[in-house]
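In full-length UniProt numbering, the protein residues as written are 1 to 392. Where is the CB? At the ideal position from N, CA and C, for every residue including glycine. What you are looking at is a predicted structure, and each value in this text was computed from that prediction instead of being measured. In what follows, a structure is listed as structure tokens, so that the remarks can point back to it.
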């Protein structure tokens, strides 16, 4: 969604139009007016799908079949990452904090260059991870010494306190610990934060989520689940020693789990006081209603209903031997279901495009509505063909 320029135009979105430079600036201006500081996140190691999916950049992958992880030994990849960072930083005037990602660096150490490096140096995959992150962070500090740098913590969670002290990260980056579950283990999380602090990284961040992290294909957010997650984080914050400087919590909102995966973003809220202030309340309500309709037994299992299985089975269809009267009743029921879905979907689309791009609305319909209505359309058409054969 970022309007990358010059040699990085390849990274711009195509299905969904990118933000314009003016929109990026206006988002920051609006945020400042509301007392919020914008901290951009630019992935620099893992979750590079939006970069490494492009054929021209396949050579920068750690292994050919993993589209998410950058090869840390390829200088072209490091140079590209630094150019991405430069463009983002320059379009954020007055920036003071930058998040460089570095979470879930899958398959690291599996590439041929990494295997050679590990064998020659006698180092571990942890050290390979640290070498790239410290390299990128150090380069950032050299260009923008005033910037505070944040990284996700999951790749360093298993490291000992001594390893963290010797990692090169102390004084260079601030870890952000993420956990989006309602069963977040308070004692374990507190111990982890205290370990980071004892290793010299006392300035720390937390990350929860308010939508999207429940599953890859969530249509309606489970508000209860996210509230419980935040309540657990409050217990963590209350249990930390005075030495830990918990600087803030990132309340993340997900559109997708990974690049090119299904949308998982619509927010639901049942609190009337909040709804009165929430611009998306009508869309949330319509989404709940449309989702309930699509998931109703009458519609989702229409093909398995008694009438369809009894009077319009594949056997009947293949031989075009049907009872016209009953099949026309089935056809009428299917048509009624389609009308209900169409009416609800049009109301939903009208509200959706007020808040999202048309392409986003269309994608959601293709993912969630089309698979449900396709069997209904098929039954209507096939009954019409069969009945035609059975009537003068």
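Pairwise C-alpha distance: residue j and residue i
| i | j | result |
| --- | --- | --- |
| residue 377 | residue 360 | 24 Å |
| residue 325 | residue 10 | 58 Å |
| residue 374 | residue 364 | 15 Å |
| residue 165 | residue 202 | 12 Å |
| residue 205 | residue 112 | 35 Å |
| residue 65 | residue 197 | 37 Å |
| residue 333 | residue 278 | 37 Å |
| residue 70 | residue 154 | 17 Å |
| residue 133 | residue 303 | 54 Å |
| residue 274 | residue 282 | For residue 274, the pLDDT reaches just 49, beneath the cut-off of 50, and the residue's location in the model is therefore unreliable, leaving the point undetermined. |
| residue 245 | residue 239 | 12 Å |
| residue 272 | residue 23 | With a pLDDT of only 49 at residue 272, under the threshold of 50, the placement of this residue in the model should not be trusted; the figure read from the coordinates follows. Each residue's Cα considered, the two are about 31 Å apart. |
| residue 80 | residue 343 | 48 Å |
| residue 5 | residue 47 | 21 Å |
| residue 17 | residue 223 | 30 Å |
| residue 241 | residue 78 | 38 Å |
| residue 315 | residue 305 | 16 Å |
| residue 30 | residue 38 | 10 Å |
| residue 269 | residue 287 | Summary for residue 269: the model assigns pLDDT 47, below 50, so the residue's position carries little reliability; its value from the coordinates is reported in the next sentence. Those two C-alpha atoms are separated by around 11 Å. |
| residue 345 | residue 362 | 11 Å |
| residue 76 | residue 159 | 29 Å |
| residue 298 | residue 15 | 34 Å |
| residue 354 | residue 91 | 27 Å |
| residue 96 | residue 370 | 45 Å |
| residue 390 | residue 320 | 8 Å |
| residue 380 | residue 12 | 42 Å |
| residue 157 | residue 183 | 18 Å |
| residue 327 | residue 311 | 7 Å |
Residue i versus the options, residue with shortest Cα-Cα distance
| i | options | result |
| --- | --- | --- |
| residue 248 | 295, 358, 236 | 236 |
| residue 398 | 108, 141, 116, 111 | This structure cannot speak to residue 398, because the chain is shown only from 1 to 392. |
| residue 243 | 223, 191, 50 | 191 |
| residue 250 | 99, 72, 30, 288 | 99 |
| residue 88 | 45, 55, 130, 41 | 41 |
| residue 372 | 58, 59, 135, 293 | 293 |
| residue 62 | 35, 186, 105, 349 | 105 |
| residue 187 | 233, 170, 285 | 233 |
N-terminal and C-terminal residue of the alpha helix (DSSP H) that residue i is part of
| i | result |
| --- | --- |
| residue 166 | Counting along the chain, residue 166 falls outside any alpha helix (DSSP H), and DSSP gives it neither H nor E. |
| residue 340 | 324-355 |
| residue 369 | No alpha helix (DSSP H) holds residue 369; DSSP gives it neither H nor E. |
| residue 306 | 306-311 |
| residue 282 | 281-295 |
| residue 314 | 314-319 |
Cβ-Cβ distance between residue i and residue j below 8 Å
| i | j | result |
| --- | --- | --- |
| residue 211 | residue 152 | no |
| residue 219 | residue 322 | no |
| residue 394 | residue 8 | For residue 394 there is no data in the structure shown, the boundaries of the chain being 1 and 392. |
| residue 207 | residue 176 | yes |
| residue 137 | residue 172 | yes |
| residue 330 | residue 383 | yes |
| residue 126 | residue 102 | no |
| residue 118 | residue 128 | yes |
| residue 67 | residue 53 | yes |
| residue 180 | residue 213 | yes |
| residue 114 | residue 73 | yes |
| residue 161 | residue 135 | no |
| residue 1 | residue 19 | yes |
N- and C-terminal bounds of the beta strand (DSSP E) containing residue i
| i | result |
| --- | --- |
| residue 252 | 245-253 |
beta-carbon residue i near the ligand HEM non-hydrogen atom, thresh 7 Å
| i | result |
| --- | --- |
| residue 186 | This structure does not include the ligand HEM; it has no bound ligands of any sort. |
- Ranges of the alpha helix (DSSP H) found wholly within the UniProt domain "Glycoside hydrolase family 20 catalytic" (15-160), counting only runs of at least 4: Inside the UniProt domain "Glycoside hydrolase family 20 catalytic" (15-160), DSSP marks whole alpha helix (DSSP H) runs of 4 or more residues at positions 21-33, 49-52, 75-90, 112-121, 125-143, from first to last along the chain.
- Query: Whole alpha helix (DSSP H) runs in the region 175-241 with 4 or more residues, listed along the chain?
  - Reply: Qualifying alpha helix (DSSP H) stretches, in chain order: 186-198, 223-239.
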